[in-house]
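Trainee: My structure is below; once you've seen it, I'll send some questions.
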Amino acid sequence: MSRSGQPTAPRAVPALYRCEITHLRRSPLRHRVRHRTYLWLIDPAAPPRLPRALRPLARFDPRDHFDGTAPTLAAGLERFLRSRLESPPDGPVLMLTHARVLGYVFNPLTLYWCHHRDGSPGCVVAEVHNTYGKRHLYLLQPDATGAAHTAKDFPVSPFFPVAGGYRMRLPLPGERLRLTVTLEQPGQRPFTAAVTGTRSTAGPLPLLRAAARHPLSTLAVSAAIRAHGIALYLRGLPVRRHEPPAAPPPAAATAPLPSSAQSPAKQRTMRQITPPRPLPADPARWEGVATVPAASRPRTALTERLVRRAVARMPLRVVTPAGPLPGPGGPRIDLHDPDAFYRRLGTGGTIGFGESYLAGEWDAPDLVAALTVLAGHTGTLVPAPLQRLRRLWAPRQPATQHNAPDAARENIRRHYDLSNDLFALFLDDTLTYSAALFRSLPARREHLADAQHRKIDRLLDLADVGPGTRLLEIGTGWGELALRAARRGARVDTLTLSAAQRDLAEQRIREAGAADRVTVRLQDYRELADGPAGRYDAVVSVEMIEAVGVRGWPGYFRTLDRVLAPGGRIALQAITMPHERMLASHTTHTWIQKYVFPGGQLPSTRAIAEAVARHTSLRVTRREPYGPHYAETLRLWRERFTEQAAAVTGLGFDATFRRMWTFYLAYCEAGFRSGYLDVQQLLLTKGTPA
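Take the sequence shown: its letters are residues 1 to 690, numbered as in UniProt numbering.
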């Protein structure tokens, strides 16, 4: 067994799985389909040879797979892998599929788990057949849990566009089979298919039983899909016309984790990465980007006037097709489509500003420099009289921003469950996603991991974590702080709402031999309020208060106060903003909230101190600001993300996503460079009850 608990080499084959297949459609109509069938797990290099009388019940024909021209299943798979990989896996393969029964077969999804010669995982090939008789192949590199993400670039259902991405969980089959494929689109997961099954031997008697329970198995599956499609159509679900692509789309590939997180054999596997496609924003995935909002002429004209007024007073150079706007000059912004820019800005504020950038309506040769100027003048961009009317024109936060427990889980999932592989592409080997603390500035990339450890160690020192400390961490990340604490001899409970982070953190903790000292829980911190008081000697939480929200701060600090033992210490790391700006903007819906951190709200140091003083026996006794270090951390992330553009595409993220993520990193970097944002390490101590 691997450390993740998954088999590292194929089980004995052939085998049969008695399965239940579930299709759950959530949008635009809710509809659930369940049907039972059976699947074969075979070695494609040595398909089962059945007694002559049973062969009509199970035939594995190479014409049913790949391009249908290979002489054998194994040859078809090898041909595909060699067309995609420089060094394809050369070990055993498991194939999960429907067999041809009485001359008929329909395989919505066939999976091939490909291994290296030493039995280590190499890649997974997902072969999709649609009801139009077409086939498509996705080349995947799942993580240790079997999770993978890829762009959708093949029509399957007549009711969904060829847009969005698939989040798949494809663990190697064992005694149980558990597979899921979820269609993801911005802000929603409209469709999930799940396959669960139980393994049995593939002898004549089990096959006869399966065939008797599910006669004409694949024909029944095909008929059920069509019947439910007709039912959905009759309920009013519109059919989409799928035009054939101009050229066959390349197989999508998920990029691997950095070398520190992979075996050498796995590193050899992935060479091909899908190149970026210079396409406009997909309206199904990026509705707010693809469409310029309607705006009245007076509103657009007023917005243009305000922009011209601001540019005239700022060290910024704004160039339009008609020429530069009057101003003192500075970092350059090119307005390619001024009318669209003014319409978006006038109707959406910062959301419109960011969406205009994503749409390519403006650009900047030095994006950080331009955004730094804007961040430094945030308080004066809009005249004071209009600032006082902010509630009338600024977009209001949706209800999900208030971070009730269910909303909080969904908000965290939308960011941190994007893809572990995505974050691994631009973070350092510690997989730490918060401000690093460097010895000196400017920072160098090779020092980033050490700087992350320095930051973590200072927090652990603030909390006085050592041998025997009972430590609570709120916000696991990918487990690096918990590991550092465990190495000091602490016993750690760490909480997260991200299933993807939980899975990889547990894997890293097991691999480090710390599973007996660290417990990772998929749990909301609010659930601690019902547990015993005073159970922890120390609490550490890194850049998690930003996800709590203004309404949640009193309860958050009360919970920390309750679980902390007398004499205990709390070390917090928080991104902060000026108090007056926090008060002015805390009800506004921002671009960062819509596209990056739903539910996120930055506190001020004053707001933290006041919430602590009013609602707890805690006191803020030490504060360590180091904002310039976050600017450098973000610069290193942004530079690495830019270098990894092809790999990001290979993970299934399109050009608009790459532009969005670049803007997010630059936007935040500018906030710290201008001094508008800061990052603080705070020490909270428990006062003595009166």
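All residues carry an ideal CB built from backbone N, CA and C; glycine is no exception.
1) Looking at the secondary structure, which residues open and close the alpha helix (DSSP H) in which residue 206 lies?
2) Tell me, please, which residues DSSP counts as bridged to residue 176.
3) Do you know how far the Cα of residue 88 is from the Cα of residue 38?
4) Taking the CB atoms as reference points, tell me whether residue 460 and residue 451 lie closer together than 9 Å.
5) Can you name the start and end residues of the alpha helix (DSSP H) that residue 155 belongs to?
6) For the alpha helix (DSSP H) containing residue 138, name the first residue and the last one.
7) DSSP on residue 678, reduced to helix/strand/coil?
8) Quick one: residues in its chain with C-beta nearer than 6 Å to the C-beta of residue 537, no 5 flanking neighbours on either side, listed in chain order?
9) Within a Cβ cutoff of 8 Å, which residues of the same chain sit near residue 447, ignoring the five residues on either side of it in sequence?
10) Are the Cβ atoms of residue 64 and residue 100 separated by less than 9 Å?
11) With distances taken from CA atoms, which of 613, 638, 169, 455 is nearest residue 626?
12) Given residue 368, which residues of its chain have a CB within under 6 Å of its CB, disregarding the five upstream and five downstream residues?
13) List the DSSP bridge partners of residue 183.
14) Run the CB neighbour count on residue 61, radius 10 Å, all protein chains shown included, and call it buried at 16 or more, exposed below.
15) Leaving aside the five residues before and after residue 332 along the sequence, list all residues of the same chain whose C-beta is less than 6 Å from its C-beta, in chain order.
16) Start and end of the alpha helix (DSSP H) containing residue 559?
17) What alpha helix (DSSP H) runs, 4 residues minimum, are completely inside the segment 467-521?
18) Across which residues does DSSP place residue 539 in a beta bridge pair?
19) According to DSSP, which residues form a beta bridge with residue 124?
20) Is there contact here, the segment 473-492 with the segment 536-554, by at least three beta-carbon pairs under 8 Å?
21) Where does residue 26 sit, in a helix, a strand or coil, going by DSSP?
22) Name the residue from 374, 26, 177 whose alpha carbon lies nearest to the alpha carbon of residue 674.
23) What would DSSP say about residue 623, mapped onto helix, strand or coil?
24) Would you give the residue range spanned by the alpha helix (DSSP H) that residue 608 belongs to?
25) Tell me the rounded alpha-carbon separation between residue 632 and residue 524.
26) Hey, could you find the ends of the alpha helix (DSSP H) residue 347 is sitting in?
27) Report the residue from 195, 346, 54 whose alpha carbon sits nearest the alpha carbon of residue 297.
28) Nearest by alpha-carbon distance to residue 602: which of 588, 614, 615 is it?
29) Can you give the Cα-Cα distance for residue 548 and residue 599, rounded to whole angstroms?
30) Using 8 Å as the threshold, is the segment 582-597 in touch with the segment 634-654, meaning 3 or more CB pairs across them?
31) Residue 654 and residue 421 look like a contact to me (Cβ under 8 Å); what is the Cβ gap, rounded to whole Å?
32) Roughly how many angstroms separate the alpha carbons of residue 466 and residue 121, rounded to a whole number?
33) In the DSSP assignment, the alpha helix (DSSP H) including residue 333 goes from what residue to what residue?
34) Quick check on residue 671: does DSSP put it in helix, strand or coil?
35) Name the DSSP bridge partner or partners of residue 39?
36) Could you pull out every residue in the same chain whose Cβ sits closer than 6 Å to the Cβ of residue 463, ignoring the five residues on either side in sequence?
Mentor: Walking through what the data contain:
1) From DSSP, the alpha helix (DSSP H) with residue 206 extends over 204-213.
2) Secondary-structure assignment with DSSP links residue 176 through a beta bridge to 198.
3) Rounded to the nearest angstrom, the two C-alpha atoms are 30 Å apart.
4) Contact: no.
5) Premise fails: residue 155 is in no alpha helix (DSSP H) and is neither H nor E.
6) Per DSSP, residue 138 is not a residue of any alpha helix (DSSP H); the beta strand (DSSP E) it occupies stretches across 135-140.
7) Under the three-state reduction of DSSP output, residue 678 falls in the strand class.
8) In chain order, 469, 470, 565, 568 place their CB closer than 6 Å to the CB of residue 537, counting only its own chain and leaving out the 5 sequence neighbours on each side.
9) These residues qualify, in order along the chain: 438, 439.
10) The answer is yes: Cβ separation under 9 Å.
11) Of the listed residues, the one whose Cα sits closest to residue 626 is 455.
12) 666, 669, 670, listed in sequence order.
13) Within the DSSP secondary-structure output, residue 183 pairs in a beta bridge with 166, 191.
14) So residue 61 counts as exposed.
15) Taken in chain order, the residues that qualify are 317, 365.
16) Looking at the DSSP string, the run of the alpha helix (DSSP H) that includes residue 559 is 553-563.
17) Fully enclosed alpha helix (DSSP H) runs of 4 or longer: 480-487, 499-511.
18) Per DSSP, the beta-bridge partners of residue 539 are 472, 570.
19) The partner list for residue 124 (beta bridge, DSSP) reads 113, 140.
20) Cβ pair count under 8 Å is three or more, so yes.
21) DSSP places residue 26 outside both helix and strand once states are collapsed to three, so it counts as coil.
22) Measuring C-alpha to C-alpha distances from residue 674 to each of 374, 26, 177 identifies 374 as the nearest.
23) Residue state, collapsed to three classes: strand.
24) Where residue 608 is concerned, the enclosing alpha helix (DSSP H) stretches over 605-615.
25) Looking at the two C-alpha atoms, the distance is approximately 31 Å.
26) Here the alpha helix (DSSP H) through residue 347 covers 338-348.
27) Among 195, 346, 54, the Cα nearest to that of residue 297 belongs to 346.
28) Relative to the Cα of residue 602, the nearest Cα in the group 588, 614, 615 belongs to 588.
29) So the two alpha carbons sit approximately 8 Å from each other.
30) Result no; under three Cβ-Cβ pairs closer than 8 Å.
31) With 8 Å as the limit, residue 654 and residue 421 do not qualify as a contact, their Cβ atoms being about 16 Å apart.
32) In a straight line, the C-alpha of residue 466 is about 38 Å away from that of residue 121.
33) That residue, residue 333, is in no alpha helix (DSSP H); its beta strand (DSSP E) goes 332-335.
34) Reduced to three states, the DSSP call for residue 671 is helix.
35) Residue pairing for residue 39: DSSP places it in a beta bridge opposite 17.
36) Excluding sequence neighbours, residue 463 sits near 538, 540, 569, 571.
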